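Novice: Protein chains in written order, with this note's numbering: chain A, 60 to 418; chain B, 60 to 418; chain C, 60 to 418; chain D, 60 to 418.
Don't be surprised by glycine CBs; every beta carbon is placed ideally from N, CA and C.
Because the structure is a prediction, the values reported are computed rather than measured.
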């Protein structure tokens with residue numbers, strides 16, 4: 060891997076590529092907004108990295124085994140001044156900071172009054188960021204696809220409601236893009252752009268979303284190993300956008316017999332990921348369990364495992380929700396969750412700080 | 060679910076939607092090229108389907124539980140004149156017909172001479188359709204992404220080679236699109252458009268690919284159940300494109316210990332899928348196993364399980380391939396595979412015919 | 060299902076069986092120590108349960124769909140006077156009570172001094188029950204199988220050390236039986252008998268262990284769904300032994316790529332199981348993660364999820380341990396874990412009590 | 060690993076153990092019937108194997124990484140004169156030979172007439188070995204557990220029927236042992252002893268079964284990786300019994316959504332296993348799929364994948380079977396399966412032989 064200086068010229072890049080070819084290797088040039096990274100294709104052991112390091116325009120040259128380099132803790136500390144945890148600021152809220160970040164709202168924006176009422180109530184309950192789905196990914200073409208399916212105007216109207224609810228109740232807002240065609244529109248209204256679990260492997264979408272320049276809320280696919288999850292986050296980092304909030308939202312449950320939860324919330328992935336990368340991890344117990352009666356325990360557990368935040372679906376009347384009513388909690392229940400989780404977060408953080416000091 | 064007549068007017072559709080709302084339900088209108096399908100959102104049991112069936116423009120109204128209806132065997136027989144297996148014709152080749160369809164070629168198009176040499180050799184070995192990757196989905200941004208990454212011109216040049224190789228050696232060609240932006244370009248050169256496993260859940264891409272009007276080679280995601288796989292194929296059928304070739308290419312292997320194969324080729328999925336839908340299923344033992352030494356056995360096994368075809372990666376010198384050399388076989392080995400598989404296909408088909416006659 | 064009165068005679072049982080056969084069904088008579096349960100085999104809907112209920116010796120007759128009935132919360136409340144959580148008392152310790160129960164000790168008993176030193180140190184750190192493996196289940200016949208492999212005398216010596224360490228440091232002790240031949244010996248020294256994950260499906264062993272009359276520490280197999288786990292616990296309950304401590308110790312990790320943890324600790328299983336049965340659930344983060352650096356977070360998470368206790372492997376010098384050193388923590392680390400977990404347990408329990416009061 | 064000569068004395072073994080300890084390692088002595096194997100515990104790299112090789116009684120000393128050594132193809136060829144495939148002879152039948160071996164019969168022995176009728180019919184259909192379950196492993200204590208549950212006399216009567224049916228229709232018989240207490244009884248009537256999938260990890264049972272001296276039919280657990288499966292087969296080989304027939308019977312299906320098959324028949328495991336060990340592999344499509352309508356295709360596929368045999372459940376009237384009727388086929392269907400499979404077996408074997416000659 061060769062990292063070019065930010066001021067490197069095209070000619071310098073071309074000249075490095077030429078040198079790479081002399082070793083019988085090919086070069087894969089990734090031009091991000093802030094830097095150009097040149098990957099070596101083929102058996103890197105043939106190459107002389109100390110030679111590459113002396114070429115004009117080259118910041119650094121080294122052999123990499125990991126598919127996620129730019130977001131790794133080690134790399135972040137050496138080259139980007141990253142600490143243990145990157146603090147991603149959105150409005151007045153920080154994800155990855157001292158305080159637990161709470162994202163809440165309806166699964167799906169169904170209308171203005173529904174959204175405003177929920178926004179008001181989750182704000183009172185202690186939420187800091189508002190969520191609401193407009194472009195809904197659905198397993199069945201015969202199911203409700205969200206207001207985003209109502210043409211560009213319908214989608215824009217719903218996005219405007221979300222923006223206005225955020226303004227009114229002083230919360231940054233997050234919503235999902237499902238395809239490249241929606242990025243510009245979503246980016247003009249949302250503070251954070253969500254990439255859903257089913258799009259985790261969609262590298263073209265990831266690169267485009269990253270280039271929109273807003274923080275990205277990036278959900279792990281339910282069939283993805285940790286290394287894949289981080290490797291695809293790297294696609295965004297390679298575009299120069301490192302404001303990536305990772306989200307654990309459940310993996311495939313064990314295959315046989317009745318499923319007691321919709322997915323398996325993979326909580327040991329949280330501390331395991333936090334050892335690998337400085338990017339903060341948030342948990343989504345709502346989609347993971349699909350069960351309202353497990354949200355309290357699994358929220359507490361996620362925070363105890365080291366999550367920097369939670370994304371929780373809430374509704375004043377879960378039975379009335381058009382999508383996923385089974386997994387939503389009321390604002391009152393949310394308040395209780397937030398209260399317990401903030402205490403647990405402090406308990407766990409205290410230990411982590413102690414560790415940092417000692418270690 | 061309400062199926063409108065093909066000649067139904069917009070007003071008739073609007074009027075049906077109005078009626079649906081009277082039952083406290085919402086309507087999700089999917090306008091395909093050939094028909095409009097109206098999905099009911101909410102508790103369908105509240106609705107009076109016999110009433111809907113009498114409305115002007117309505118072809119049929121019924122309650123659906125399955126998320127894949129249009130591609131189901133039962134529906135195909137009743138409304139579309141589909142038989143046991145849809146025969147998808149591409150040039151002189153039929154997928155789903157009496158003869159086993161063999162798709163072969165390199166994992167990745169690396170250059171014109173590489174492609175032409177492989178095309179010539181797989182043709183001689185008995186292949187009928189040529190494959191070659193240009194837009195490569197890769198786990199790592201630091202890996203070679205295919206010639207499609209070389210800007211529009213580089214991509215178009217590689218696509219032209221593929222087209223010319225197909226013309227020269229009389230084989231239709233198939234290649235993958237990875238994002239919506241590539242569809243027009245790919246559709247103007249390829250006879251069949253492939254949607255890779257990682258894009259199986261990408262409903263926006265599926266709808267756009269379907270609208271390109273060419274047969275689609277649709278790979279199952281390695282974490283997807285059969286019902287999900289068929290539900291996402293339904294997204295394409297809902298756009299009026301039923302020339303969908305399903306491809307089983309391996310699911311997540313068991314989680315612990317060393318993986319002896321890259322994925323687990325889920326062969327019982329093949330006959331299980333064939334009981335559900337008239338769409339033909341093809342197997343890809345190359346990506347599933349990732350092992351050249353297992354291709355012969357797993358190809359034979361896939362055909363014995365009822366596959367209508369095979370997609371196999373081949374290279375005159377597997378050790379030289381830039382991507383996935385471990386799983387490629389030589390043209391000579393391919394010939395041997397095809398010979399055994401054609402015999403097994405006849406053996407198995409004979410039984411299935413006997414069954415149809417008796418049953 | 061027909062539950063006989065505890066004083067029912069053999070003749071009464073025989074007569075019920077005869078009646079069952081009149082309905083074209085077969086009977087499966089399970090004679091537990093305290094009750095006889097007669098299962099109906101075949102289509103139960105043919106039978107007249109109100110008739111059975113009137114037969115002499117019959118306590119109750121009803122149709123069952125669940126494979127775990129005797130340990131279900133509903134049944135426990137109706138017939139056995141069970142509350143939300145069964146409190147299993149062992150010496151001065153209660154599992155399932157107000158206080159979190161901590162089981163700690165070495166993975167494997169290696170010698171008397173090793174065991175005594177660890178026992179002393181974990182006791183000081185706050186542990187209440189001592190664990191130590193003597194009959195070790197191992198994947199490879201070529202690995203160390205524990206001191207239990209040293210013939211009956213060697214095994215008995217190790218068991219005696221365990222017993223003495225328990226006496227000396229005032230902790231009940233738990234150790235595993237791997238085969239039926241070891242039950243009597245183990246039962247004569249241990250306060251709690253452990254059945255390991257790999258023996259979860261071993262119904263003959265379960266029945267025999269249950270009959271030994273001591274509390275059983277029952278680990279979930281890494282491939283078992285929750286319903287299977289509970290169904291096999293039912294094998295022990297059917298023998299009249301309901302002092303069963305369920306243990307979640309990790310399920311198969313996702314199949315592809317590098318495993319960052321040995322197994323996936325399935326924490327949402329804990330509250331899900333606690334909705335089904337009154338039996339208490341304990342978590343084992345040591346075997347689940349296989350990583351010392353994740354024990355703190357995953358212990359806290361397990362307790363937050365609702366665990367009634369923890370089983371944690373500890374060693375004064377993890378690097379010296381013969382088996383599983385990678386996953387052991389030191390007594391100092393254990394103390395820190397226990398301190399945080401006791402606080403989280405109180406926080407979470409407070410909410411659960413509030414719930415019970417309100418609900 | 061140190062292999063002692065078969066004539067090595069106890070003193071020689073003790074002396075080797077002493078030498079091992081000098082290197083700071085421990086020794087695990089496995090005394091099989093035919094050989095003693097000494098495993099080294101600890102970091103083997105500390106040891107001097109060339110020194111061990113010179114000690115009296117030592118046949119061979121080397122470092123091993125694989126947990127399955129004795130059954131590996133490489134070891135078999137070097138020390139035991141094993142070829143590509145071990146041929147296990149039972150009566151007149153050979154498993155692992157030129158001809159496909161067909162094992163068929165009812166899931167469960169329900170009575171003498173049922174068994175005899177099925178035996179007669181499967182024999183006519185072409186089966187060579189008769190199966191019939193007597194000690195049934197069941198998920199629920201409330202389900203029928205087989206005639207083996209009717210006390211020793213009931214069990215022995217059923218075993219005698221099985222033996223007599225085998226004699227009458229000239230087929231060796233195979234039945235399952237579920238616990239150690241049943242081994243002697245089963246071994247006195249059965250030609251092959253089956254260890255079910257749920258007991259795959261039961262190392263105490265495996266050692267005892269192996270010592271009974273009869274061929275073992277060994278089923279892979281549905282959650283076991285290939286390396287675990289072979290490692291536990293090694294437990295039997297370490298007792299000197301290498302007449303082990305491996306059986307692939309399906310692994311856990313993918314976790315979400317409806318299961319179209321009960322398990323996932325892991326057919327690529329068959330050729331993968333055959334590259335590792337000389338032991339023959341048989342497939343059980345009945346338990347794997349749980350669907351009668353998939354048996355034909357999956358039997359053919361298993362043989363195409365390289366299986367040396369098949370175990371298939373059959374019943375003259377599947378709807379009448381007490382257990383697993385959904386997955387049984389009729390003798391007529393069995394005949395059709397056998398006919399197609401024998402042809403495929405020849406086709407595939409021809410290629411393998413060609414390979415051996417060339418390779």
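What are the boundary residues of the beta strand (DSSP E) that includes residue 118(C)?
Specialist: Looking up residue 118(C) in the third chain gives position 59. Here the beta strand (DSSP E) through residue 118(C) covers 117-120.
Novice: Determine the direct distance from the alpha carbon of residue 108(B) to that of residue 82(B), and round the result to whole angstroms.
Specialist: If you number the second chain from 1, residue 82(B) lands on position 23. If you number the second chain from 1, residue 108(B) lands on position 49. Whole-angstrom Cα-Cα distance: 11 Å.
Novice: Quick check: is the beta carbon of residue 339(D) nearer than 7 Å to any beta carbon in chain C?
Specialist: Taking the fourth chain and counting its residues from 1, the one referred to as residue 339(D) is at position 280. Output row for residue 339(D): interface = no.
Novice: Under 8 Å, with one C-beta from each stretch per pair, do the region 223-236 of chain C and the region 253-266 of chain C reach the 3-pair mark?
Specialist: Output reads yes: the region 253-266 of chain C touches the region 223-236 of chain C.
Novice: What does a CB cutoff of less than 8 Å around residue 419(B) pick up in its chain, not counting 5 residues either side in sequence?
Specialist: Because chain B spans 60 through 418 in this model, residue 419(B) falls outside it and cannot be assessed.
Novice: Please list the partners that residue 368(C) has in chain A, where partner means a Cβ-to-Cβ separation under 8 Å.
Specialist: As a first step, residue 368(C) must be located in the third chain, where it is residue number 309. Residues of chain A passing the Cβ test: none, with the nearest at roughly 15 Å.
Novice: Under 7 Å, Cβ to Cβ, is there at least one residue of chain C near residue 324(B)?
Specialist: By 1-based counting over the second chain, the position of residue 324(B) is 265. Not one chain C Cβ lies under 7 Å of residue 324(B).
Novice: With residue 360(B) as the anchor, note down where its alpha helix (DSSP H) starts and where it stops.
Specialist: By 1-based counting over the second chain, the position of residue 360(B) is 301. From DSSP, the alpha helix (DSSP H) with residue 360(B) extends over 354-363.
Novice: Taking the continuous beta strand (DSSP E) assigned at residue 89(C), which residues delimit it?
Specialist: The sequence position of residue 89(C) within the third chain is 30, counting from 1. Unbroken beta strand (DSSP E) run through residue 89(C): 85-90.
Novice: Against chain A, which members of the region 298-332 of chain B pass a CB distance test of less than 8 Å?
Specialist: 311
Novice: Would a C-beta distance cut-off of 7 Å place residue 375(D) and residue 223(D) closer than the cut-off?
Specialist: As a working mapping, residue 375(D) is identified with position 316 in the fourth chain. As a working mapping, residue 223(D) is identified with position 164 in the fourth chain. It is not a contact, given that the beta carbons lie outside the stated cut-off.
Novice: Comparing the CB of residue 234(D) with every heavy atom of the ligand PLP, is any distance shorter than 6 Å?
Specialist: No copy of the ligand PLP occurs in the structure displayed, which carries no ligand at all.
Novice: Give the straight-line distance between the Cα atoms of residue 391(B) and residue 384(C), rounded to the nearest whole angstrom.
Specialist: Stepping through the second chain from its first residue, residue 391(B) is reached at position 332. Stepping through the third chain from its first residue, residue 384(C) is reached at position 325. A straight line joining the alpha-carbon of residue 391(B) with that of residue 384(C) spans about 51 Å.
Novice: Within the same chain, show all residues whose beta-carbon is closer than 6 Å to that of residue 112(B), passing over the 5 residues directly before and after it, in chain order.
Specialist: Locating residue 112(B) in the second chain gives position 53, where the first residue counts as 1. Hits under 6 Å: 120.
Novice: Between residue 211(D) and residue 230(C), what straight-line distance do the alpha-carbon atoms span, to the nearest angstrom?
Specialist: Sequence index remark: in the fourth chain, residue 211(D) carries index 152 (1-based). Sequence index remark: in the third chain, residue 230(C) carries index 171 (1-based). Approximately 41 Å, taken between the alpha carbons.
Novice: Give me the Cα-Cα distance between residue 405(C) and residue 382(A), rounded to the nearest whole angstrom.
Specialist: For this step, residue 405(C) is matched to residue 346 along the third chain. For this step, residue 382(A) is matched to residue 323 along the first chain. If I take the Cα positions, the gap works out to 35 Å.
Novice: In whole angstroms, give me the CA-to-CA distance for residue 140(A) and residue 146(A).
Specialist: Here residue 140(A) refers to the residue found at position 81 of the first chain. Here residue 146(A) refers to the residue found at position 87 of the first chain. Approximately 12 Å between the Cα atoms of the pair.
Novice: Rounded to whole angstroms, how far is the Cβ of residue 273(B) from the Cβ of residue 240(B), which I believe are closer than 8 Å?
Specialist: Here residue 273(B) corresponds to residue number 214 of the second chain, with the count starting at 1. Here residue 240(B) corresponds to residue number 181 of the second chain, with the count starting at 1. Between residue 240(B) and residue 273(B) the Cβ distance is about 17 Å, and since that is not below 8 Å, they are no contact.
Novice: Classify residue 132(C) as helix, strand or coil using the three-state DSSP reduction.
Specialist: For this step, residue 132(C) is matched to residue 73 along the third chain. In this structure, residue 132(C) counts as helix in the three-state DSSP scheme.
Novice: Against chain B, with Cβ distances strictly below 7 Å, would residue 257(A) count as a contact?
Specialist: Position 198 of the first chain, counted from the first residue, corresponds to residue 257(A). At least one chain B Cβ lies under 7 Å of residue 257(A).
Novice: For the pair the region 152-172 of chain C and the region 357-375 of chain C, tell me if three or more CB-CB distances fall below 8 Å.
Specialist: Verdict: yes, contact present.
Novice: Confirm, please, whether the CB-CB distance from residue 187(B) to residue 152(B) is below 7 Å.
Specialist: In the second chain, the residue the question calls residue 152(B) occupies position 93. In the second chain, the residue the question calls residue 187(B) occupies position 128. Going by C-beta atoms, residue 152(B) is nearer than 7 Å to residue 187(B).
Novice: Return no unless some Cβ of chain C is closer than 7 Å to the Cβ of residue 166(A).
Specialist: The residue given as residue 166(A) occupies position 107 in the first chain. Closer than 7 Å: no.
Novice: Less than 7 Å between the C-beta atoms of residue 32(C) and residue 144(C), yes or no?
Specialist: This structure cannot settle anything about residue 32(C), because the visible part of chain C is limited to 60 through 418.
Novice: With burial defined as no fewer than 16 other Cβ atoms inside 10 Å of the residue's Cβ, what is the status of residue 226(D): buried or exposed?
Specialist: As a first step, residue 226(D) is located in the fourth chain; it is residue number 167 there, counting from the start. Residue 226(D) comes out exposed.
Novice: Using a Cβ-Cβ cutoff of 8 Å, what residues of the region 352-381 of chain A are near chain C? List them in chain order.
Specialist: 352, 353, 355, 356, 357, 359, 360, 361, 362, 363, 364 and 365
Novice: Counting only beta-carbon separations shorter than 7 Å, does residue 209(D) have a partner in chain C?
Specialist: Start at 1 with the first residue of the fourth chain, and residue 209(D) comes out as number 150. By this cut-off, residue 209(D) is not an interface position.
Novice: Taking DSSP as the reference, what is the three-state secondary structure of residue 295(D)?
Specialist: To locate residue 295(D), count along the fourth chain from 1; it is residue 236. Three-state result, residue 295(D): helix.
Novice: Which of helix, strand or coil does DSSP assign to residue 63(A)?
Specialist: Against the first chain, residue 63(A) aligns to sequence position 4. Residue 63(A): strand per DSSP, three-state reduction.
Novice: Exposed or buried, residue 205(B), counting other C-beta atoms within 10 Å across all chains shown (16 or more means buried)?
Specialist: Here residue 205(B) corresponds to residue number 146 of the second chain, with the count starting at 1. By the neighbour-count rule (16 or more Cβ atoms within 10 Å), residue 205(B) is buried.
Novice: From this set, 275(B), 354(B) and 328(B), which residue's C-alpha is nearest residue 329(D)'s C-alpha?
Specialist: Walking along the fourth chain from the start, residue 329(D) turns up at place 270. Ranking 275(B), 354(B) and 328(B) by Cα distance to residue 329(D) puts 354(B) first.
Novice: Excluding the 5 residues flanking residue 335(D) on each side, which residues of the same chain have their C-beta closer than 7 Å to its C-beta?
Specialist: For this step, residue 335(D) is matched to residue 276 along the fourth chain. So the qualifying residues of the chain are 131, 132 and 289.
Novice: Measuring only the C-alpha atoms, how far is residue 93(D) from residue 268(D)?
Specialist: Counting from one through the fourth chain, the residue named residue 93(D) turns up at place 34. Counting from one through the fourth chain, the residue named residue 268(D) turns up at place 209. Rounded to the nearest angstrom, the two C-alpha atoms are 16 Å apart.
Novice: Are there 16 or more other CB atoms within 10 angstroms of the CB of residue 379(A), so buried, or fewer, so exposed?
Specialist: Taking the first chain and counting its residues from 1, one reaches residue 379(A) at position 320. Flag for residue 379(A) reads exposed.
Novice: Extract the residue ranges of the beta strand (DSSP E) inside the region 128-192 of chain B, only unbroken runs of 3 or more that lie entirely within it.
Specialist: 147-149, 152-154, 160-164 and 188-190
Novice: Give a yes or no on whether 7 Å exceeds the smallest Cβ distance from residue 407(C) to chain A.
Specialist: For the purposes of this step, residue 407(C) is identified with residue 348 of the third chain, where counting begins at 1. Residue 407(C) counts as touching chain A.
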